[in-house]
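Participant: Take a look at the following structure, please.
There are 4 protein chains.
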Amino acid sequence: MQSSMAGSEDDNHHLIRSDDRQHPANLIPELCRKFWSLGWVTGTGGGTSIRDDDLVYLAPSGVQKELMKSEDIYVLELSKQVDPKKRVYLRSPPSLKPSQCTPLFIAAFTKRGAGCCIHTHSQWAVLVTLLLENQPANKTLFEINNIEQIKGFGKGYQKQGALGYHDTLRIPVIENTPFEEDLTESLEAAMDMYPDTYAVLVRRHGVYVWGETVHKAKTQAESLDYLFQLAVEMRKLGLPWLSDIA
Amino acid sequence: MQSSMAGSEDDNHHLIRSDDRQHPANLIPELCRKFWSLGWVTGTGGGTSIRDDDLVYLAPSGVQKELMKSEDIYVLELSKQVDPKKRVYLRSPPSLKPSQCTPLFIAAFTKRGAGCCIHTHSQWAVLVTLLLENQPANKTLFEINNIEQIKGFGKGYQKQGALGYHDTLRIPVIENTPFEEDLTESLEAAMDMYPDTYAVLVRRHGVYVWGETVHKAKTQAESLDYLFQLAVEMRKLGLPWLSDIA
Amino acid sequence: MQSSMAGSEDDNHHLIRSDDRQHPANLIPELCRKFWSLGWVTGTGGGTSIRDDDLVYLAPSGVQKELMKSEDIYVLELSKQVDPKKRVYLRSPPSLKPSQCTPLFIAAFTKRGAGCCIHTHSQWAVLVTLLLENQPANKTLFEINNIEQIKGFGKGYQKQGALGYHDTLRIPVIENTPFEEDLTESLEAAMDMYPDTYAVLVRRHGVYVWGETVHKAKTQAESLDYLFQLAVEMRKLGLPWLSDIA
Amino acid sequence: MQSSMAGSEDDNHHLIRSDDRQHPANLIPELCRKFWSLGWVTGTGGGTSIRDDDLVYLAPSGVQKELMKSEDIYVLELSKQVDPKKRVYLRSPPSLKPSQCTPLFIAAFTKRGAGCCIHTHSQWAVLVTLLLENQPANKTLFEINNIEQIKGFGKGYQKQGALGYHDTLRIPVIENTPFEEDLTESLEAAMDMYPDTYAVLVRRHGVYVWGETVHKAKTQAESLDYLFQLAVEMRKLGLPWLSDIA
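Protein chains in written order, with the numbering used here: chain A, 19 to 264; chain B, 19 to 264; chain C, 19 to 264; chain D, 19 to 264.
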């Protein structure tokens, strides 16, 4: 049995071992199984991270997300990440690699106080960025209004309450880069320009969605994917994303 | 363990504790898991309520529907709801909020004697309301005929039997409002104008479907979603929703 | 406990009680759960029947197919059905109704020696019949060729082997009738006109598929649904169903 | 009980009996269940093979893939296959037939050192080959670039690392033949012409995808199916598969 080895102090196995289903090391694999069945993390794409106070739990790179186990989770201390080039992990699973999404997740945690950040490769997200790219103006902002599901989003950073039915949901789009960590700067710039957004689309790539809690990040990710799919279907049917309903 | 607390008389825990899978407090979570997998209650959207004689069981607001538990269920007595502004609950789960759909569910129970009412945010329902909005006339009525699945609906309130193949299924559409409870008046007006309907579409929002029993409400909701999806695909293929087949 | 009653000789409960997963009374509910998840038997639509020598097992009318149990199964003796107007059942579950599909299933068993017949309301099947209805000629025959999945069909009644890649699969379409049992005559006529077909489409309704065994009926139903879906997508993309590849 | 017979040395039952979930005879059925739910192996179509050193494990022909068991697996020794016309099996399940895909799987193992090869009938793959067939030039190569999911592929045979975001993924298309084993020659020719490809599309049929390991073959198959689906949706929306982004 490997368990005595695996449970040694060396790899800080205790950080990811818990009988509590709500423990981040148990929640991340459960979420990833769900996301795989939704087509969000196909073929090792996408990822998920949960922050619990100063501890950050991260899905690794390159694993089949529907098969992920608690043992595969990376852990780091947010306050100890002084140099983005030298990431320090409390726990690194042997024979795995940390996710390239790590600096992007950390941006959501440090700049927005997020408790969870979800990255999907949802085709609906990608198609929305392609449709925006193809139109003459305003290529870097997805806008939709007057759809009930918009209420699934909070008003914004450190604000109370949810968006209203007539509010326009605005999700900024950043351009993709060959290396995922190079997205960090433009993701942070998008957060600065749209301080109340809970998501950033990445052109031809997917979307990052976050929230104060796992519950909020996950339900906002679902609501957003719903709106992306609806937007693509609306386009097929010649229906506009914005409308003037008072 | 919280169970002794949770089982105390104070919160009327006995109302939602049963070993019977058919008990409303067990059925609602099971239905919601199914509805989540169908895309009907994405991101905390939608809801479900079951009436058992004078007791009404309600899914709460803002929960992840596929994770709902019996403990999350609200209970009220239908005959005791004298003032819609002052809802009185027999059981209110701590740290949850009652659903904004409550007055709409109650309308189905009181005006139509329904035993179950289901509210979905199905994209097919939303797309049908958008397609209707975009056409010159008759924007407030979805009509389809000569499709076998139409037989999945009862003839109407206090009538025996099901619709026939050649009958036209008519589902009224009401306009959405910023606050869901404000839909009550127009929902009730639609019930009055179309007394035999078992469903009302809400523009850019979703649909309310009911039935005398859980079985009928659920199978009518499925049949309706099937017809909405079919109608959207028919539109993509240039096929009309109404036809003259004798 | 009801089990002693339910197991009495009166209702021939022994006919549907078996520990063998391959027993028709266990297989039909398992198949129906699968078909429900495929969208084939939404809202009590569709049905399935298995013949074991002279005994025919039938799903009842009006049940939620994903919740069906062995106890819900009807049983009749094929050789004893002298008068189609007076169906004689060996076993009739209390408080259920026999399926209106029964005479159609029996036609597959008696005219084609089928061991299993599946009836779906698949939207792809319905859309194919609508697309055919809308075209100038040949409205009553679905034809497709040069698709590998066509090999999923046998060559025909009492013939050895499967269709080839270049063979044209032909599925006749009959017109729907208000009462499902009234389809029997035209279904039998279609069987006579296309003696090698394993399926008949019903306009605006769905499809009947059969096979010598459960395995063949089920895999042919899957292959056919695959081809219907492919045909609809081909139409959306302007691709023809028939092509000249030698 | 058949188990003593089934476990006899005669049929080399020990080759497919293991408590290890990672054993090929356990993995293949698990993968096939997953592939069935993805629509890749509908109606007995498609197949999967895993190579462990010199032993090759193969799903049989004509079975319902979601119901496959370890007992159904064929085993052969790769180094002993001198004559493709006379396949020698270490283990042949009684009353099953070997897959016609066998020579194609073997090509991936011998010519590319693959550890796993997956064959799907995915409709997205078929539609991509139909769309290519219908265009004036370059009918035998699927090309897409500037989509993040392209990183899900290795650079090629005996090369380190993955494709980059700006790289163009190229998948050759071969013409289908009436007998699947007759595809072998053109599949091998496509491998020679595109030595770095991990997949070959078969017109009007599906796709073969492989990888050094089960993990790589499976995640590449998922990434490819994602891209095929995206490509079909892009075509519906008038979006080109290739773009000039620097």
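We put the CB at the ideal spot given by N, CA and C, even for glycine. A quick note: this is a predicted structure, and the numbers were derived from the prediction, not measured.
Taking the continuous beta strand (DSSP E) assigned at H137 of chain B, which residues delimit it?
Facilitator: Walking along the second sequence from the start, residue 137 of chain B turns up at place 119. Unbroken beta strand (DSSP E) run through H137 of chain B: 134-138.
Participant: If you draw a straight line from the alpha carbon of Q178 of chain A to that of E161 of chain A, how long is it in whole angstroms?
Facilitator: Within the first sequence, the letter at position 160 stands for residue 178 of chain A. Within the first sequence, the letter at position 143 stands for residue 161 of chain A. Those two C-alpha atoms are separated by around 22 Å.
Participant: Which bits of chain E does Y244 of chain B rub up against, with CB to CB less than 9 Å?
Facilitator: Among the protein chains of the structure shown, namely A, B, C and D, there is no chain E.
Participant: Have a look at the DSSP bridge pairing and note the partners of A180 of chain B.
Facilitator: For the purposes of this step, residue 180 of chain B is taken as residue 162 along the second sequence, with counting starting at 1. DSSP output for A180 of chain B lists B:G172 as bridge partner(s).
Participant: Give the straight-line distance between the Cα atoms of D274 of chain B and E230 of chain B, rounded to the nearest whole angstrom.
Facilitator: Residue coverage of chain B in this structure runs from 19 to 264, which leaves residue 274 of chain B outside it and unanswerable.
Participant: Report the rounded CA-to-CA distance for R35 of chain A versus M86 of chain A, giving the unit in angstroms.
Facilitator: To locate residue 35 of chain A, count along the first sequence from 1; it is residue 17. To locate residue 86 of chain A, count along the first sequence from 1; it is residue 68. One C-alpha to the other measures close to 14 Å.
Participant: What is the DSSP secondary structure of L257 of chain C, reduced to helix, strand or coil?
Facilitator: Sequence index remark: in the third sequence, residue 257 of chain C carries index 239 (1-based). Three-state result, L257 of chain C: coil.
Participant: Can you pull the chain A neighbours of Q247 of chain D, defined as C-beta to C-beta under 7 Å?
Facilitator: As a working mapping, residue 247 of chain D is identified with position 229 in the fourth sequence. Result: Q141.
Participant: Measure from the C-beta of I165 of chain B to each C-beta in chain C and report whether the shortest distance is under 7 Å.
Facilitator: Along the second sequence, one-based indexing puts residue 165 of chain B at 147. Chain C, which has a Cβ nearer than 7 Å to the Cβ of I165 of chain B, makes this yes.
Participant: Spell out whether any CB of chain B is found under 7 Å from the CB atom of S36 of chain A.
Facilitator: Taking the first sequence and counting its residues from 1, one reaches residue 36 of chain A at position 18. No, because no Cβ of chain B sits closer than 7 Å to the Cβ of S36 of chain A.
Participant: Using a Cβ cut-off of 7 Å, pull out every chain A residue sitting near T237 of chain D, in sequence order please.
Facilitator: Your numbering for residue 237 of chain D matches position 219 in the fourth sequence. Within chain A, the residues near T237 of chain D are G61, T62, Q82.
Participant: Which bits of chain A does P196 of chain B rub up against, with CB to CB less than 8 Å?
Facilitator: Walking along the second sequence from the start, residue 196 of chain B turns up at place 178. Under the 8 Å cutoff, chain A gives G182, Y183, H184.
Participant: If you draw a straight line from the alpha carbon of P258 of chain C to that of G61 of chain C, how long is it in whole angstroms?
Facilitator: Locating residue 258 of chain C in the third sequence gives position 240, counting from the first residue. Locating residue 61 of chain C in the third sequence gives position 43, counting from the first residue. Straight-line Cα distance between these residues: approximately 33 Å.
Participant: Use the C-beta contact count for I168 of chain A: other C-beta atoms within 10 angstroms, 16 or more gives buried, fewer gives exposed.
Facilitator: By 1-based counting over the first sequence, the position of residue 168 of chain A is 150. Label assigned to I168 of chain A: buried.
Participant: Is I91 of chain B closer than 7 Å to A155 of chain B when the C-beta atoms are compared?
Facilitator: Locating residue 155 of chain B in the second sequence gives position 137, counting from the first residue. Locating residue 91 of chain B in the second sequence gives position 73, counting from the first residue. For A155 of chain B and I91 of chain B, no; Cβs fall outside 7 Å.
Participant: Can you tell me where the beta strand (DSSP E) with E95 of chain D in it begins and where it stops?
Facilitator: For the purposes of this step, residue 95 of chain D is taken as residue 77 along the fourth sequence, with counting starting at 1. That run of the beta strand (DSSP E) goes 92-95.
Participant: Out of curiosity, what's the CA-to-CA distance linking Q82 of chain C and G170 of chain B?
Facilitator: Counting from 1 along the third sequence, the entry for residue 82 of chain C is found at position 64. Counting from 1 along the second sequence, the entry for residue 170 of chain B is found at position 152. Spanning the two alpha carbons is a distance of roughly 11 Å.
Participant: Kindly list the residues whose CB is nearer than 8 Å to the CB of P111 of chain B, restricted to its own chain and excluding five residues on each side of it in sequence; keep chain order.
Facilitator: Residue mapping note: residue 111 of chain B aligns to position 93 of the second sequence, counting from 1. Answer for P111 of chain B: D29, P78, E89, D90, I91, Y92, listed in chain order.
Participant: In the DSSP assignment, the alpha helix (DSSP H) including R51 of chain A goes from what residue to what residue?
Facilitator: For the purposes of this step, residue 51 of chain A is identified with residue 33 of the first sequence, where counting begins at 1. Its alpha helix (DSSP H) spans residues 42-55.
Participant: Listing by chain order, which chain D residues have their CB less than 9 Å from the CB of R253 of chain A?
Facilitator: Within the first sequence, numbered from 1, the residue matching residue 253 of chain A stands at position 235. Within 9 Å Cβ-Cβ: L255.
Participant: For P258 of chain D and chain C, any beta-carbon pair shorter than 7 Å?
Facilitator: Stepping through the fourth sequence from its first residue, residue 258 of chain D is reached at position 240. No, P258 of chain D does not count as interfacial toward chain C.
Participant: Buried or exposed: H32 of chain B, going by 16 or more other Cβ atoms within 10 Å of its Cβ?
Facilitator: Your numbering for residue 32 of chain B matches position 14 in the second sequence. Answer is exposed; the Cβ neighbour count stays below 16.
Participant: So with Cβ pairs under 7 Å, would you call G170 of chain A a contact of chain B?
Facilitator: Here residue 170 of chain A refers to the residue found at position 152 of the first sequence. Taking Cβ atoms only, chain B reaches closer than 7 Å to G170 of chain A, which makes this a yes.
Participant: I want to see whether chain C comes within less than 7 Å of L148 of chain D, judged by CB atoms only; does it?
Facilitator: Here residue 148 of chain D is taken as the residue at index 130 of the fourth sequence, counted from 1. Chain C, which has a Cβ nearer than 7 Å to the Cβ of L148 of chain D, makes this yes.
Participant: Could you spell out where the alpha helix (DSSP H) holding T202 of chain B opens and where it closes?
Facilitator: Counting from 1 along the second sequence, the entry for residue 202 of chain B is found at position 184. It spans 202-211 - the alpha helix (DSSP H) in which T202 of chain B sits, taken as one unbroken run.
Participant: Is S240 of chain A close to chain B, meaning its C-beta is less than 7 Å from at least one C-beta of that chain?
Facilitator: What you label residue 240 of chain A is simply residue 222 of the first sequence in a count that begins at 1. For the sequence presented, residue 240 of chain A should be read as Glu rather than Ser. Answer yes: the Cβ-Cβ gap between E240 of chain A and chain B drops below 7 Å somewhere.
Participant: Along the region 211-238 of chain C, what residues have a CB closer than 8 Å to any CB found in chain B?
Facilitator: Listed by position along the chain: V220, R222, H223, G224.
Participant: Within 10 Å of its beta-carbon, does M211 of chain D have 16 or more other beta-carbons around it, so buried, or fewer, so exposed?
Facilitator: The sequence position of residue 211 of chain D within the fourth sequence is 193, counting from 1. Exposed, by the Cβ-count rule.
Participant: Going by DSSP, which residues form a beta bridge with A217 of chain C?
Facilitator: Taking the first residue of the third sequence as 1, we reach residue 217 of chain C at position 199. Answer is C:V227, bridged to A217 of chain C.
Participant: Just checking: is the beta-carbon of L205 of chain B within a distance shorter than 7 Å of some beta-carbon in chain A?
Facilitator: Residue 205 of chain B sits at position 187 when you count from the first residue of the second sequence. Answer no: the Cβ-Cβ gap between L205 of chain B and chain A never drops below 7 Å.
Participant: Do you know how far the Cα of W54 of chain B is from the Cα of R69 of chain B?
Facilitator: Here the question's residue 69 of chain B lines up with position 51 in the second sequence. Here the question's residue 54 of chain B lines up with position 36 in the second sequence. Those two C-alpha atoms are separated by around 21 Å.
Participant: What residues are listed by DSSP as bridge partners for T62 of chain B?
Facilitator: Along the second sequence, read from residue 1 onward, the residue named residue 62 of chain B stands at position 44. None, per the DSSP bridge assignment.
Participant: Pick from A:L219, A:P121, A:H137, A:S261: whose alpha carbon is nearest that of L149 of chain A?
Facilitator: Start at 1 with the first residue of the first sequence, and residue 149 of chain A comes out as number 131. Answer by Cα proximity: A:L219.
Participant: Does any residue of chain B have a CB that is nearer than 7 Å to the CB of L187 of chain C?
Facilitator: Working through the third sequence from its first residue, we reach residue 187 of chain C at position 169. Not one chain B Cβ lies under 7 Å of L187 of chain C.
Participant: Would a check of beta-carbon distances place L145 of chain C closer than 7 Å to chain B?
Facilitator: In the third sequence, residue 145 of chain C corresponds to position 127, counting from 1. Taking Cβ atoms only, chain B reaches closer than 7 Å to L145 of chain C, which makes this a yes.
Participant: From S67 of chain A to T195 of chain B, what distance separates their C-alpha atoms?
Facilitator: Stepping through the first sequence from its first residue, residue 67 of chain A is reached at position 49. Stepping through the second sequence from its first residue, residue 195 of chain B is reached at position 177. Rounded to the nearest angstrom, the two C-alpha atoms are 36 Å apart.
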